[in-house]
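Participant:
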Amino acid sequence: MTFGQILFILFGLVTIIAAVMVVVRRNLFHAALFLVLSFFGVAALYVLLEAYFFAAAQVLVYVGAISILIIFAVMLTRGVMGGQSGNSQWREAAVICGILLVGLVGLLSPVAINFLGRNFGGLQWRIAGGAAGLPVVSEQILANLGMGFVDLNQYALPFVLSGVLILLAMVGAIWVARERHPAEVLAERKQIAAELAADAAAEAITTPEVAPTEQHAH
Amino acid sequence: MTQDTLVTLTALAPLPPIIAFAVIALFTNRQRALSAWLAVGMMALSLIMSWIVVFSVIGRPDLATNPLHGSIAWIPTGDTSLSMGVSVDPLGALFLFMVPLACTLIILYSVGYMSHETRYTRFFAYLSLFAGSMMGLVVSDNLLSLFIFWELMGFCSYSLIGFFYYKPSAYNAAVKAFMTTRVGDMLLILGMVYLYTQTGSLNFHDVMMNKTVLEHLAETPALLIPGLSAAGLAGLLIFGGTVGKSAQWPLHVWLPDAMEGPTPVSAMIHAATMVSAGIFMLLRFFNLFAISAEVGNHTPMLIIGLIGSLTAFMGATIALAQFDIKRVLAFSTISQLGFMVAAVGIGAYGAAAFHLLTHAFFKALLFLGSGSVIHGVEHGHQHVTGHHEHGDPARAGLDDGHGHDAHGHDTHAIEDGSRKTEDLHGHGPSFVSSHSSHKEEFDPQDMRNMGGLRSKMPITFITFLIGGLALAGFPFITAGFWSKDEIFAEAYHFGIGQGQPLATLVFVVLVLSALMTAFYTARQIKLTFFGHPRTDAAAHASENTWHMTLPLIVLAFFAIFAGFVNVPKDFMGFGDIFKSLGLAGWLKDFITPMLIIKEEAPAFNLVPVLFSLAVALGGLGLGWVVYSGRNLEVGVPDPVQKLGGLYTFLNRRWMWDELYRAVLINPLQALADNYTRVVDKGIIDKILEGGFAIGSLIADGFKTFDRVFITGFSDTVGRAFKGLGNFLRDLQTGQVQGYLLSAMIAVLVLVGFFLFVLAR
Amino acid sequence: MLNGIPLSWFLILAAALFCIGLYGALARKNAVAILMGVELMLNAVNINLIAFWRYLNPSATVGLAFAAFVFIVAAAEASVGLALIISAYRNMRSVDPEQMDLLKM
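Protein chains in written order, with the numbering used here: chain A, 6 to 223; chain B, 43 to 802; chain C, 22 to 126.
1) Would you give the residue range spanned by the beta strand (DSSP E) that A:Asn-4 belongs to?
2) Restricting to runs no shorter than 4 residues, where is the alpha helix (DSSP H) found entirely within the segment 57-94 of chain B?
3) Under the rule that 16 or more other beta-carbon atoms within 10 Å means buried, what is A:Tyr-57, buried or exposed?
4) Could you tell me whether the Cβ atoms of B:Val-370 and B:Ala-361 are closer together than 9 Å?
5) Based on DSSP bridge pairs, tell me the residues matched to A:Phe-120.
6) Just checking, does the segment 198-218 of chain B make contact with the segment 262-282 of chain B on the three C-beta pairs under 8 Å criterion?
7) Helix, strand or coil: how does DSSP classify B:Ser-472 here?
8) Does the beta carbon of A:Gln-227 sit closer than 9 Å to a beta carbon anywhere in chain C?
9) For the alpha helix (DSSP H) that contains B:Glu-193, what are its first and last residues?
10) Taking only three categories from DSSP, how would you classify B:Gly-515?
11) Tell me which residues share the same chain as A:Ser-72 and place their Cβ nearer than 8 Å to its Cβ, disregarding the 5 neighbours each side in the sequence.
12) Give the secondary structure of A:Val-181 by DSSP, where H, G and I count as helix, E and B as strand, and everything else as coil.
13) May I have the straight-line CA-CA distance separating B:Leu-664 from B:Val-553, to the nearest angstrom?
14) Along the chain, where does the alpha helix (DSSP H) containing B:Pro-304 start, and where does it finish?
15) Under 6 Å Cβ to Cβ from B:Ala-363, same chain only, skipping five residues before and after it: list those, please.
16) Using the three-state DSSP reduction, which class does B:Leu-399 fall into: helix, strand or coil?
17) Based on the DSSP output, what are the partners of B:Pro-342 in its beta bridges?
18) Are the segment 337-357 of chain B and the segment 166-179 of chain B in contact at 8 Å, needing three or more beta carbon pairs?
19) Give me the Cα-Cα distance between B:Ser-476 and B:Ala-402, rounded to the nearest whole angstrom.
20) What first and last residue would you give for the alpha helix (DSSP H) that runs through A:Gly-111?
21) Could you spell out where the alpha helix (DSSP H) holding C:Ile-106 opens and where it closes?
22) Quick one, are the C-beta atoms of B:Ile-148 and B:Ala-309 less than 9 Å apart?
23) With a threshold of 16 other CB atoms inside 10 Å of the CB of A:Gln-145, please say whether the residue is buried or exposed.
24) Can you check DSSP and say which residues form a bridge with B:Val-128?
25) In the segment 602-684 of chain B, which residue ranges form an unbroken beta strand (DSSP E) of at least 3 residues, counting only runs that do not cross its ends?
26) Tell me the residue span of the alpha helix (DSSP H) that contains B:Ser-318.
27) In the DSSP assignment, find the unbroken alpha helix (DSSP H) run with B:Asp-248 in it and report its ends.
28) Kindly indicate which residue of C:Phe-92, C:Thr-82, C:Leu-77 and C:Tyr-76 has the alpha-carbon position closest to the one of A:Tyr-67.
29) Use the C-beta contact count for A:Gln-63: other C-beta atoms within 10 angstroms, 16 or more gives buried, fewer gives exposed.
30) Counting contacts by CB-CB distance shorter than 9 Å, is A:Gly-135 in contact with chain C?
31) Taking the CB atoms as reference points, tell me whether B:Lys-368 and B:Thr-305 lie closer together than 9 Å.
32) With a cut-off of 8 Å, do at least 3 Cβ pairs link the segment 68-81 of chain C to the segment 29-44 of chain C?
33) Does the distance from the CB of B:Arg-695 to the CB of B:Pro-298 come in under 9 Å?
34) The segment 88-120 of chain A: which residues have C-beta closer than 7 Å to a C-beta of chain D, in chain order?
35) Just to check, is the beta-carbon of B:Glu-261 closer than 8 Å to a non-hydrogen atom of the ligand PLP?
36) Are the beta-carbon atoms of B:Glu-532 and B:Ala-393 separated by less than 9 Å?
Right under this line is the structure:
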């Protein structure tokens, strides 16, 4: 077993076990902390894959920002926990996810598996470098990526649009979660109710229209 | 101007209205006048930009094969790359001329029409977005971006039809429009995906102007459907989108209800945007059908032709028996769109495009004219009744809050009181019913409440008359005549001339529909503008402000002169006159290079022209005679009501709504109501139980098979259905996680199906 | 460092992470926990993207670019999702998705 394999198994186990804890722990705060651990595990895997920038970004974005957001959300909605961690359909969900997992592992397994007369797994990837082993990642790759983000023929448009998306998400989040004065909410509800009532009244007036026509008809 | 400048201008042309939308929505939503004029100005800017492009490219003879085009990479997907861009080819240039003009006029008109509305700025924001989306759709160079704008328009039409969202009828109409067009859009998505898998490109020029690709498509057999080529299947799926958006049978039901929105919105939907978009896309994909027919597969064209003719005929008949001024126009739109689709079905590409262009002008004119009439009558009504409605406590809230528009015009519920009465009594109400009591709602859209508006609203009258004559196809001076005549000529040429049965049918049906069109147009004009005012409101109606009359005048100009760009070259007398101006057959020469398979132009033939003259003049004359004298008096039933049961059938629009309610909506609702519990009790358990149940049922069946075969069989069927019902009951929980679980199960089943059945 | 690690190991790990996240999204009784499950699923996708980049075409930037977009979208999703949860909590005093059934009219 090579050093790389040991590292992979180590970080993989950390990631997976932490992820399992995230979805089974009843205490949401603990779940959030395990989520952080799982994110760290993923970051380590990125290091293993020599995507150092993404490992750093993982730590900054997921561990730093998203986890904090989640922990804040947990604390802001505290006091509503209790009972069990799963909802009423957790058994079915477990079965479905289990089937999906078995199926995916079967499809991706390095050795071919025969199931119902059909072979699964044993996919032959066209690994870069072939028998010579994986090539070294170019020093230039990050620079190329950065250039790609501003190159109109590459990712400039999606990049700009994702900036717009972030902005809109921020504005939307602030708008949705803003504290509203109770009076404002009340006034809005009153206005809607008034409109509905007026409309119902208008309907009520329109309906007797049948009467004069009937007289005319007879 | 250089090519690059023009491409940039084209790409920028849809932007001003969209910017106007953003600015109004975000910043100026409290300043009414500023918002309105911002919308008008931005649209006018867009108009100028588009026209610069149009008039720069219009002289290029090779525009079809070498369109104005610019694109950028949208997103790289592995080895390939999706690009997005703009292009202007002859068809696009035609629309780039018409769409911004109509949109500008409609927005200008709204300044006057909506002036009493409280949510005035919101209206202009939506209207701008609507116009911008249509502009984007026109300049799109590929189906994907066309689809994005297509859906944006779907959203805008939803918000605008439901603009008076607090009225259940408007809300329902909005939902109906959205859901009905969604059915077509689903087909369109399937067609788009299928086309992409077959060609690897969605770019119009790369697919539609490339004979190799088209022939490949025409020779590939279609997926799952025998006897149809890939070209035919993709074309028909895309045609599904047209059926939804352009209100063709069987998805036409949303368009008449769409007039629940304010009148400028109706004009927008019926003329410049929504419904034109459907035909526009159909024309874009015309080569798919042409190549299909070329290799001997006529089914797609046949389906299109039949649906078009049926729609044209149905719309014309229903329009005969409507009293709402806007509803008559709505059904006439459906009918005229049927004309265009039928023209596409017989291969008359140029004629369809020409009729779409002229129709956009005169239908926008008619809708804006009807809005002007409604506005005038409504003001007359307010003049007569003073402020009595404010004294009415039940209505006070609405009046204070929303001005006249909320309860005045545009308040025609799908099942409003007056229609119920008509249906109850078979022969319908008379003119007198509408003002027998002040207590009841005055309907300013009902033509029975009008009459004699000729002298009250002269500009509206003259422009409406021009629009009506164009719709009816009044010979020689109106645009509608030339475009309809073009369709007739082609149908006659292919049908009676060459003996194609479909074209013959189309010719006969369209001639009949045109006759009815002329008749109901005459009826509408007579009922609205002639005779004596039948209500006090009509007697006190007055002409509107210049915001509203100016667009009418401009559109009336085009309703006359837009026809002169395509006068047949050898049309007696006229051909020579327009030849000297360089206009004879110009439009056809301009856009037919878009076709990959050239059809020889039919030589001039007097017979279709005579038909065209006869139906236009005959229908108008008949209508003129029937609706005159005593028939325009107060209290006299409309002559169409003498048709009895047929009248009821037509007035209720061939009962499509009732049919859909009984056949589709109610069963689906019942199914949805009974579609759950599974999640609560456990889908897996249920599946297992169901398996056991079915197993034991089968065992029971075997046991009793030789004893009581009939009883056992029916028991099994009955119990199987009961089991299915139990299985499906209450699945509709409204809970997101339940839906997600169902979706996951569906994904697993589909993937399993793919792995074990399809990919074997 | 990648000596002896086949690509399929990464893919299987990502598949497992995805399934765990999916279970969280399907079965948790708290909307925040659902979001955590979604984040795990997004991470699984990102592992796939970067592993494919490293193994199949390390000289191209496509895989990295898509991974970056997943980051961006995840950030946007988290902020909007959490705002929605907080807003729903204000209105209903609950973050149990089983009690949010307004979709059922």
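We put the CB at the ideal spot given by N, CA and C, even for glycine. It should be emphasised that the depicted structure is a prediction, and the values quoted were computed from it without experimental measurement.
Facilitator: On the basis of the data shown:
1) With chain A running from 6 to 223 in the structure shown, residue 4 of chain A is simply not present.
2) 57-68
3) exposed
4) B:Ala-361 sits close to B:Val-370, with the two beta carbons spaced by under 9 Å.
5) A:Arg-123
6) no
7) With a pLDDT of 36 at B:Ser-472, under the threshold of 50, the modelled position of this residue cannot be trusted; read the value that follows with caution. If DSSP states are grouped into helix, strand and coil, B:Ser-472 belongs with coil.
8) Past the boundaries of the shown model lies residue 227 of chain A; chain A is included only from 6 to 223, so the question cannot be answered.
9) In the DSSP assignment, B:Glu-193 falls within the unbroken alpha helix (DSSP H) covering 185-203.
10) coil
11) These residues qualify, in order along the chain: Ala-37, Leu-40, Val-41 and Phe-44.
12) helix
13) 15 Å
14) Run containing B:Pro-304: none; DSSP gives neither H nor E here.
15) Result list for B:Ala-363: Val-682, Tyr-689, Leu-692 and Asn-693, in chain order.
16) If DSSP states are grouped into helix, strand and coil, B:Leu-399 belongs with the helices.
17) Partner(s): none; B:Pro-342 has no beta bridge.
18) No, the segment 337-357 of chain B is not in contact with the segment 166-179 of chain B.
19) With a pLDDT of only 38 at B:Ser-476, under 50, the local geometry of the prediction cannot be trusted, and no value is derived from it.
20) 95-113
21) If you look at C:Ile-106, you'll find it in the alpha helix (DSSP H) that goes 83-113.
22) yes
23) Residue environment: A:Gln-145 is assigned as exposed (fewer than 16 neighbouring CB atoms within 10 Å of its CB, all protein chains considered).
24) B:Val-128 is bridged to B:Gly-112 and B:Ser-182.
25) none
26) 316-326
27) In the DSSP assignment, B:Asp-248 falls within the unbroken alpha helix (DSSP H) covering 246-250.
28) C:Phe-92
29) buried
30) no
31) yes
32) Yes, they touch.
33) yes
34) Reference to chain D is not applicable here, since the protein chains of this structure are A, B and C.
35) The ligand PLP is not among the ligands present in this structure, which contains no ligands whatsoever.
36) yes
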